[in-house]
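All remarks here apply to the structure that follows.
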Amino acid sequence: MEVTLAHLKRGEKAIIVDVSSMNIPLKLLEMGCLPGNSVELLQVAPFSDPLYLNINGTHLAIRKETAIHILIEITHE
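This is how it looks when you write it as C-alpha cells:
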C-alpha cells in the first residue's frame, strides 16, 4: 500500500517521495511540495478537509483530494 499525504496523522512527520505533477497545481510545486522535502501535519480542519501542513518551513493548506497524489515516507524521529 502506498502511503500518501492524506494518511498522515496530526503531529506526524514524513519525507515527500513522489509527486504526481499532473494532479498537483503548479503553485504547490513552487511552494516546496517536492520530493525530498520534509512535511509535518499541523492541523486538520473540520470534516477532515483541508490539511494544514508545514513543508520545509512553509505553512500550506492542501485539500485532501490533492494530498492523495503526494506519496510520502513517514519518519520516526
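Whatever position you read off the sequence shown (first residue = 1), add 39 for the working numbering.
Think of the CB as a built atom: it goes at the ideal place given N, C-alpha and C, for glycine as much as any other residue.
Could you say which of V83, A53, S87, A84 lies nearest to L73 if we only look at CA atoms?
-> A53
Over the uninterrupted alpha helix (DSSP H) stretch that includes A106, give me the two end residues.
-> 103-106
Could you check the C-alpha separation between I113 and I94 for me, to the nearest Å?
-> 14 Å
Of the listed residues D57, L110, E79, H115, nearest to A100 (C-alpha basis) | E79
Could you work out which residue in K103, L90, V58 is closest to R49 when comparing CA atoms only?
-> L90
For L110 and E41, the rounded distance between their alpha carbons = 7 Å
Going along the chain, which unbroken runs of the alpha helix (DSSP H) with 4 or more residues stay wholly within the region 75-114?
-> 103-106
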